[in-house]
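For reference, the structure is listed below as structure tokens.
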Amino acid sequence: MILSIENLNAYYGQAHVLKDVSINVNEGEVVVMLGPNGHGKSTLLKSLCGMVDSKHGKILYKDQDIIKCSSEKIVNMGITYIAENRELFPYMSVMENLKLGAYSKNARKHEKKNLEKVFSLFPRLAERTKQYASTMSGGEAKMLAIARGLMSNADFLAIDEPALGLQPNLRLEVAKIIKEINKQGKTILVVEQNIPQITDLADKLYVLEEGHITFEGSKDDALSHDNLKEIFLGM
Amino acid sequence: MNAKSMATILAVTYGFIGILPLFLGGSSIMMRILTMILIWSVVASCWDLIMGYAGIFSFGQVAFYVIGAYSSAILSVSLNVPPIIAIFMAGGITAIIGVIIGLPCLKLAGPYIALVTFAFQLALEPFLKGPMGKAIGSGGSRGIISVPPINLFGMSLSSSELIPFFYFTLVLTLICSAVIVLILKSHWGTAFLALKDSEDFAASLGVSAFKYKLLVFGITSFITGLFGALYVHYVGILSTRMLSMEVFTVLLIMIVVGGIGQYPGVVLGAVFTVTVNELLRPMGIYRLLIMGGLVVVVVLLLPDGVTGLIKKFTDYRQAKKESRVSIEKHESSV
Amino acid sequence: MFIEIIEIIISGLLNGSVYALMAIGLALVYGVTKAFNFAYGSFYTMGGYFAWILLVSLGVKGGYYVVFLTAIPFLFVVGYFLEKILISPLRKRDDWQMKAMMLTLGLSLFLDIGYIAAFGPNLKSLPDIVEGTLALGPFVFMKQDIVIFILSITGLLCFAWLLNNTRVGMAVQAVAQNPVGAQIVGIPKERVFAATFAISTILVGVGGILLSQKNFVNPQASTGIMIKAWVITAFGGMGSIKGSLYAALIIGMLEAFVGYYLGMIHIEIAVLTLLLITLAFRPQGLMGRE
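Chains as they are written, first to last, in my numbering: chain A, 1 to 235; chain B, 1001 to 1334; chain C, 2001 to 2290.
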């Protein structure tokens, strides 16, 4: 098991967002976390990546409890967060964004190799290394955000709603890329509302509602589950 | 805090200050301190209203105070306007200047407002000392030396008549405090709270940030100018020394100690600061050193001032009480 | 007449170059940390006193070489811990910007009065970096001015190079453009905040050393310097380094012309008027974004 979260509680100001959340992710898996908007999915990923201050519980990554670690330390340990709203550096070029993606010590050594990998995965980015991030379209920016995440040389990617707001053909492309990244050996935890192209990739599914994990199981389990069936078929 | 408890705290504080002259009336030093507490508490309250509630980072409060003082002094010295009328005209002049400064300023982002208003204060000194200031009767770097005292119903409220002047100031203080409470508890106060939470949200409710901010800027400028004028007729002399960083910092400590946006905490802050400032006077230059250090320490350790501390304490007691009640309930149910 | 104007322009350039050095530090801090440092001017004076202690009080050998070599690490440490100890704890609060302004205002009074308490209210004079004059055709320059100009420009170039060509410089820019993004890629945000404070303290402190040997070390100079640096940054566009550069030159020129033709007393009013007019038409300043 590469990641095991036990009884994680997280708070956002006064609000108790995550309530005793426990999940497990095995090495090489794609785990998809579903759930309605505003029920704590993003907070879960952010807590994992050291971006939420008030939290308690256990987050074991490669058998080490990282709940108290700073975000820079977590990035260096090989977990990277890919934000739903991309969080790029708007007045920097594609190349500069990618190079900053390799800021952590662990990533620096592999910068060249990862840059080649990223460009073969996203040929369109290779064509426009000099373009400013702020001038890119939504889809391109999303690709750049994923590419920047890959530059960190992470083993574990925490991806926040990668397909949100994209056209169906772009969703398919994102799903393909996630599949490809997974094939290259990365473990992936992806949060989604209910995008079939992404859900299809899942080795395991979780549902997070009102801060609680309400379902855990395979795709088939989910389909045989009445409430969930509704969610999936209702899409 | 609701209007009732605000009014209660104000009534108790000012009531207590108000009866002190009965015991301390013989000491001119004590009377001066009490009068200065009243004046500064109102000026600091206005600043709290602007900064803590309306969310305007204005650093021009001392400048408005000085403008009020100079306006009234010039009106009564050069134009022979009776001081009792001059102080209100001075308030009006300050309000007009406040609105003129506010018009370009209030559309700017927070830090820019701080900068422009602070720069305004710094530019005021060379203006008053320079040829332009002299032309309107500022007296240049010498200042204005013989400002006449206020004359009320044939009684001269000069610095030799400390007790009548004190009570006159107290009456104005109470009126202005009532105005401040009314603003805070009116439709405007609610609008400010909405604005503080989210300017976009407030705009969607039809609250025009700019209009309210400008209005409040005008009203507080009026009150500040009025009290600046009151002060100058009390002490009788005036120079640009009033614009020093020292005055600014002392005013700053009042709201830092009282708690920003915690009215009427700032009134307690004024009582504390004026008293400490007087107590430290024999220490010479170290007084200012301590005052500067005090700002740093209080902001770091008591970010909501004494009001925050009191709140924490009452919350704690409340929580303790509740837990005790629940334990008792639990035990009785067992 | 013509020679007069050239002389005014040169003195404007001279002022402008040092102003640029100081204003850029402030633009950097605001751009990166969004903190308003009202104690900025007090570090200008600190630079002056530092040089005075070394050169006059202790009489160390080696002159200004030693001063710069020791002042830079000293100012770095001061700025770094200023942020770590005083500003960083405030950052958890919603209204931290206002709190930071108040705290730094208090700090500035504390330091300025501290200088007077420690060294007395009198101005201190520093030895000139170089003495003598240089004649170029009809123009006569103080060698001192030339050195100040060259050092300021060198400082600016070094700064620009560091910002655009080093990993730390890129990290600083990243935090300025998107603090969340910076956190995502693993940039230690808190350390970058402290480092920018440190760098800006160096810039203004070195400016203080350069100008104090011309204008004396004055414990009361801080407010004027702080406000000048602020006005330049606001005029140029808060947080825009390029904007500050142009603004510093424009304000340097304006001061030289107003000072010459209308008298020194009008400088502050003229500068404020220029700022107000600019902000009325461009609230974000000359080159500010948004």
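We put the CB at the ideal spot given by N, CA and C, even for glycine. All values reported here derive from a predicted model rather than from experimental measurement.
- Scanning B:Phe1168, B:Ile1219, B:Thr1173 for the CA closest to the CA of isoleucine 1097 (chain B) turns up B:Ile1219.
- Selection B:Val1257, B:Ala1123, B:Ala1069 evaluated against valine 1235 (chain B) yields B:Ala1069 as nearest (Cα-Cα).
- Excluding the 5 residues flanking it on each side, proline 2138 (chain C) has same chain C-beta neighbours closer than 8 Å at Ile2003, in chain order.
- Here the alpha carbons of valine 1216 (chain B) and alanine 2256 (chain C) stand approximately 39 Å from one another.
- Collapsing the DSSP output to three states places phenylalanine 1217 (chain B) in a helix.
- Residues of the same chain with a CB within less than 6 Å of the CB of serine 1221 (chain B), apart from the 5 flanking positions on each side, are Phe1064, Thr1094, Ala1095, Gly1098 in chain order.
- Taking a 10 Å sphere around the C-beta of tyrosine 2019 (chain C), we find 16 or more other C-beta atoms and assign the residue as buried.
- Interface criterion not met: the Cβ of glycine 1258 (chain B) is under 8 Å from no Cβ in chain C.
- In this structure, DSSP gives asparagine 97 (chain A) a helical state, which the three-state scheme calls helix.
- The C-beta distance from histidine 110 (chain A) to asparagine 153 (chain A) rounds to 5 Å, short enough to fall under 8 Å.
- Along the length of the stretch 2095–2151 of chain C, whole beta strand (DSSP E) runs at least 3 residues long occupy 2133–2136, 2139–2142, reported in chain order.
- Under DSSP, histidine 1233 (chain B) takes part in no beta bridge, so it has no partner.
- The beta carbon of lysine 2242 (chain C) does not come within 8 Å of any beta carbon belonging to chain B, so the residue lies off that interface.
- Here aspartate 1304 (chain B) carries a coil assignment [DSSP, helix/strand/coil].
- Valine 21 (chain A) counts as buried, since at least 16 other C-beta atoms from the protein chains shown sit within 10 angstroms of its C-beta.
- Taken in chain order, the unbroken stretches of alpha helix (DSSP H) that lie wholly in the stretch 1019–1104 of chain B and span 4 residues or more are 1028–1048, 1061–1078.
- Secondary structure note for valine 207 (chain A): its beta strand (DSSP E) is the uninterrupted segment 204–209.
- The C-beta of isoleucine 1096 (chain B) comes no closer than 8 Å to any C-beta of chain C.
- The continuous stretches of beta strand (DSSP E) do not include glutamate 111 (chain A), which lies in the alpha helix (DSSP H) extending over residues 111–121.
- DSSP, read as helix, strand or coil, puts phenylalanine 156 (chain A) in strand.
- For lysine 68 (chain A), the number of other beta carbons within 10 angstroms of its own is below 16, and it is reported as exposed.
- Taking 8 Å as the cut-off, the beta carbon of valine 2192 (chain C) is found no closer than this to the beta carbon of valine 2078 (chain C).
- When beta bridges are read from the DSSP output, glutamate 6 (chain A) appears opposite A:Lys58.
- Counting other Cβ atoms within 10 Å of its Cβ, glutamate 210 (chain A) stays below 16 and is therefore classed as exposed.
- Per the C-alpha coordinates, the member of C:Met2170, C:Leu2134, C:Lys2092, C:Ser2152 positioned closest to alanine 102 (chain A) is C:Met2170.
- The alpha carbon of isoleucine 2009 (chain C) has as its nearest neighbour, out of C:Leu2254, C:Ala2039, C:Glu2268, C:Phe2050, the alpha carbon of C:Leu2254.
- The stretch 1095–1157 of chain B is shown to contain whole alpha helix (DSSP H) runs of 4 or more residues at 1110–1129, 1131–1136, in chain order.
- Glycine 2181 (chain C) reaches chain A at Glu87, Leu88, Phe89, counting residues in chain order whose Cβ is nearer than 7 Å.
- When the beta-carbon positions are compared, leucine 2123 (chain C) and asparagine 2218 (chain C) come within less than 8 Å of each other.
- Inclusion of leucine 125 (chain A) and valine 94 (chain A) in the CB contact set at 8 Å is warranted, their separation being smaller than that value.
- A:Ser70 is the residue among A:Val207, A:Ser70, A:Lys62, A:Ser137 whose C-alpha sits nearest the C-alpha of serine 47 (chain A).
- For isoleucine 2250 (chain C), no beta strand (DSSP E) encloses it; the enclosing alpha helix (DSSP H) starts and ends at 2241–2261.
- Flagged as an interface residue toward chain C: methionine 51 (chain A), by a C-beta distance shorter than 8 Å.
- Alanine 2051 (chain C) and glutamine 2213 (chain C) have their C-alpha atoms roughly 9 Å apart.
- For glycine 40 (chain A) against glycine 185 (chain A), the beta-carbon gap comes to about 29 Å, at or over 8 Å, which does not count as contact.
- For threonine 1249 (chain B), the CB contacts under 7 Å within the same chain, skipping 5 residues up- and downstream, are Met1291, Gly1292, Val1295 in chain order.
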